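Numbering (the working numbering), first residue to last: 187 to 236.
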């Protein structure tokens with residue numbers, strides 16, 4: 187997956203790539219089921235404990 191999005195962008199600096207990766211992670215990650223959470227998404231887990 188890492189190479190998927192990296193191959194589509196030309197970053198001018200390491201900082202720019204890190205910022206892009208952070209934004210991508212926090213957009214994508216909360217919606218993905220996580221096996222360590224019992225197959226639910228982080229967003230669902232947060233709602234359960236909130």
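Where is the CB? At the ideal position from N, CA and C, for every residue including glycine. Computed from a prediction, not measured in an experiment: that's the story for all the values here.
Which stretch, first to last residue, makes up the alpha helix (DSSP H) that contains residue i?
i, result
"residue 214", "200-214"
"residue 230", "228-235"
Please work out which residues of its chain come closer than 7 Å, Cβ to Cβ, to residue i, disregarding the five sequence neighbours upstream and downstream, and give them in chain order.
i, result
"residue 228", "215, 216 and 220"
"residue 209", "none"
For residue i and residue j, what's the separation of their Cα atoms in angstroms?
i, j, result
"residue 225", "residue 211", "18 Å"
"residue 194", "residue 205", "15 Å"
"residue 234", "residue 222", "15 Å"
>> Check whether the stretch 215-224 and the stretch 197-205 are in contact - that is, three or more C-beta pairs closer than 8 Å.
In response: Put simply, the stretch 215-224 does not touch the stretch 197-205. Fewer than three CB pairs are less than 8 Å apart.
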